[in-house]
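Student:
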Amino acid sequence: MTNELPTPDHSPIPFPKAVEMTQTAAAIASLRDVNMTFDLPDGGHTQALKNVTVELRAGELLVFVGRSGSGKTTALNVLAGLTRPTSGAVEVLGDDPRNVRKQIGYMFARDALLPWRSAERNVEYGLELRGVNAAERRQQSGRFLDMVGLGAYKGNFPSQLSQGQRQRVALARTWVLAPKVLFMDEPFAALDAQTRESLHGEFLDGWQKQQQSVVFVTHDLSEAIAIADRIVVFAHGEIVREFEVPFPRPRDMLELPNDPEAREMIKEIRELLHD
Numbered sequence: 261m262t263n264e265l266p267t268p269d270h271s272p273i274p275f276p277k278a279v280e281m282t283q284t285a286a287a288i289a290s291l292r293d294v295n296m297t298f299d300l301p302d303g304g305h306t307q308a309l310k311n312v313t314v315e316l317r318a319g320e321l322l323v324f325v326g327r328s329g330s331g332k333t334t335a336l337n338v339l340a341g342l343t344r345p346t347s348g349a350v351e352v353l354g355d356d357p358r359n360v361r362k363q364i365g366y367m368f369a370r371d372a373l374l375p376w377r378s379a380e381r382n383v384e385y386g387l388e389l390r391g392v393n394a395a396e397r398r399q400q401s402g403r404f405l406d407m408v409g410l411g412a413y414k415g416n417f418p419s420q421l422s423q424g425q426r427q428r429v430a431l432a433r434t435w436v437l438a439p440k441v442l443f444m445d446e447p448f449a450a451l452d453a454q455t456r457e458s459l460h461g462e463f464l465d466g467w468q469k470q471q472q473s474v475v476f477v478t479h480d481l482s483e484a485i486a487i488a489d490r491i492v493v494f495a496h497g498e499i500v501r502e503f504e505v506p507f508p509r510p511r512d513m514l515e516l517p518n519d520p521e522a523r524e525m526i527k528e529i530r531e532l533l534h535d
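All you need for my numbering is the position in the sequence shown, starting with 1, plus 260.
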């Protein structure tokens, strides 16, 4: 399964033009005064996002945190062009996100690998859809499987891989398409702490090599502190605060919460989420 974004199956809605956004020069993606309302079966409605304004900076790893139902994944999906906002303006790489799909990657919480294709063939799938020749596909898939430490497992099928290994294949499948902007919806949430820490290292190494701009959604505050340049806290559909993360890289996800400054930041965020 390719990690290129599917075309949303929605009826046409007037969409704000890019010129309506006033971004800073370094902004790669933006939401400006975005509201998102969903209709309910009983005829009522619920407001998932309320006047949300946020920017993703060039080369930044921006993390959205919040409790379930806080609006963080809805904001991610609006940025990615998967969900159309009720009102407000959205811009990615200077355009409507639907017009730059080939420059956007999206990684889900589950790997969604095709079970009848090997790890190598899963990574190749997006390139195959783009018409890349077989030799180039094989070379690229091998390079990215090596990057995530699975070069020796390229012939294995998903059923022969652990959950952590499948997520590594999904990460390689995302990276091989060379997206400029990467959206990630709790991609490591189902993994145990040790596997997650290992994947963090590989993900951060690849992110720095490829100089991508990333929006990463998580509910795990230790994970957020470990990987983020900046943390945006969502509650009840609104952004309640932003935190610049001051800790130098590399960071140890298991040890960082023992740092007094990190503990204080986690405490502040937790209080915001439970207020």
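Where a beta carbon is used, it is the ideal one built from N, C-alpha and C, also for glycine.
Using only the heavy atoms of the ligand MN, determine whether one of them is closer than 7 Å to the beta carbon of Leu309.
Tutor: As for the ligand MN, it is missing from this structure, which has no ligand bound.
Student: So the candidates are Arg501, Asp452, Val408 and Asp445; which of them puts its Cα closest to the Cα of Thr478?
Tutor: Locating residue 478 in the sequence shown gives position 218, where the first residue counts as 1. Checked all of Arg501, Asp452, Val408 and Asp445; the closest Cα to Thr478 is Asp445.
Student: How many Å lie between Leu459 and Ala430 at the Cα?
Tutor: By 1-based counting over the sequence shown, the position of residue 459 is 199. By 1-based counting over the sequence shown, the position of residue 430 is 170. Answer to the nearest angstrom: the Cα atoms are 12 Å apart.
Student: What does DSSP give as the partner residues of Asn295 in its beta bridges?
Tutor: Within the sequence shown, the letter at position 35 stands for residue 295. Answer is Ser347.
Student: Using 8 Å for Cβ pairs, my map puts Ile485 next to Met525. What's the rounded Cβ distance?
Tutor: Residue 485 sits at position 225 when you count from the first residue of the sequence shown. Residue 525 sits at position 265 when you count from the first residue of the sequence shown. Confirmed, Cβ separation roughly 6 Å.
Student: Going by the beta-carbon positions, is the gap between Leu410 and Arg428 smaller than 8 Å?
Tutor: Against the sequence shown, residue 410 aligns to sequence position 150. Against the sequence shown, residue 428 aligns to sequence position 168. Yes, Cβ-Cβ distance for Leu410 and Arg428 is below 8 Å.
Student: Among Arg426, Thr333 and Ala449, which one has its Cα closest to the Cα of Val475?
Tutor: For the purposes of this step, residue 475 is taken as residue 215 along the sequence shown, with counting starting at 1. That would be Thr333, whose Cα lies nearest to the Cα of Val475.
Student: For the beta strand (DSSP E) containing Phe503, list its first residue and its last residue.
Tutor: In the sequence shown, residue 503 corresponds to position 243, counting from 1. Phe503 -> beta strand (DSSP E) spans Glu498 to Glu504.
Student: Which partner residues does Gln307 have in the DSSP bridge list?
Tutor: Along the sequence shown, one-based indexing puts residue 307 at 47. Partner(s): Thr297.
Student: According to DSSP, is Met513 part of a helix, a strand, or is it coil?
Tutor: Residue numbering aside, residue 513 sits at position 253 when the sequence shown is read from its first letter. Residue state, collapsed to three classes: coil.
Student: Given a threshold of 16 other Cβ atoms within 10 Å of its Cβ, counted over all protein chains shown, does Asn337 qualify as buried or as exposed?
Tutor: Here residue 337 is taken as the residue at index 77 of the sequence shown, counted from 1. Buried: at least 16 other Cβ atoms inside 10 Å.
Student: Are the segment 404-419 and the segment 337-346 touching by the rule of at least three beta carbon pairs closer than 8 Å?
Tutor: Touching, no, given that fewer than three Cβ pairs across the two stretches are closer than 8 Å.
Student: Which class does Val392 belong to by DSSP, given the choice of helix, strand or coil?
Tutor: Translated into positions along the sequence shown, residue 392 becomes position 132. Coil at Val392, not helix or strand.
Student: Check Arg445 in the structure and name its three-state DSSP category.
Tutor: As a first step, residue 445 is located in the sequence shown; it is residue number 185 there, counting from the start. Sequence inspection shows Asp at residue 445; the Arg mentioned does not correspond to that position. Note: Asp445 maps to strand in three-state DSSP.
Student: Is the segment 364-373 touching the segment 437-452 in the sense that three or more CB pairs, one from each, lie closer than 8 Å?
Tutor: Touching, per the Cβ criterion.
Student: Output yes or no for whether 8 Å exceeds the beta carbon distance between Ser290 and Glu320.
Tutor: Within the sequence shown, residue 290 is the residue found at index 30, counting from 1. Within the sequence shown, residue 320 is the residue found at index 60, counting from 1. No.
Student: Under the assumption that Arg327 contacts Leu533 (Cβ atoms under 8 Å), give the Cβ distance between them as a whole number of angstroms.
Tutor: Looking up residue 327 in the sequence shown gives position 67. Looking up residue 533 in the sequence shown gives position 273. Correct: roughly 5 Å between the Cβ atoms.
Student: Which of helix, strand or coil does DSSP assign to Glu528?
Tutor: Here residue 528 refers to the residue found at position 268 when the sequence shown is read from its first residue. If DSSP states are grouped into helix, strand and coil, Glu528 belongs with the helices.
Student: Just verifying my parser: in three-state terms, what is the DSSP assignment at Arg370?
Tutor: As a first step, residue 370 must be located in the sequence shown, where it is residue number 110. Coil.
Student: Could you tell me if Glu504 is buried or exposed, where buried requires 16 or more neighbouring beta carbons within 10 angstroms of its beta carbon?
Tutor: Numbered from its first residue, the sequence shown carries residue 504 at position 244. Classification of Glu504: exposed, given that the 10 Å Cβ count is below 16.
Student: Leaving aside the five residues before and after Gly331 along the sequence, list all residues of the same chain whose C-beta is less than 6 Å from its C-beta, in chain order.
Tutor: If you number the sequence shown from 1, residue 331 lands on position 71. Ala308, Leu309, Phe494 and Gly497, listed in sequence order.
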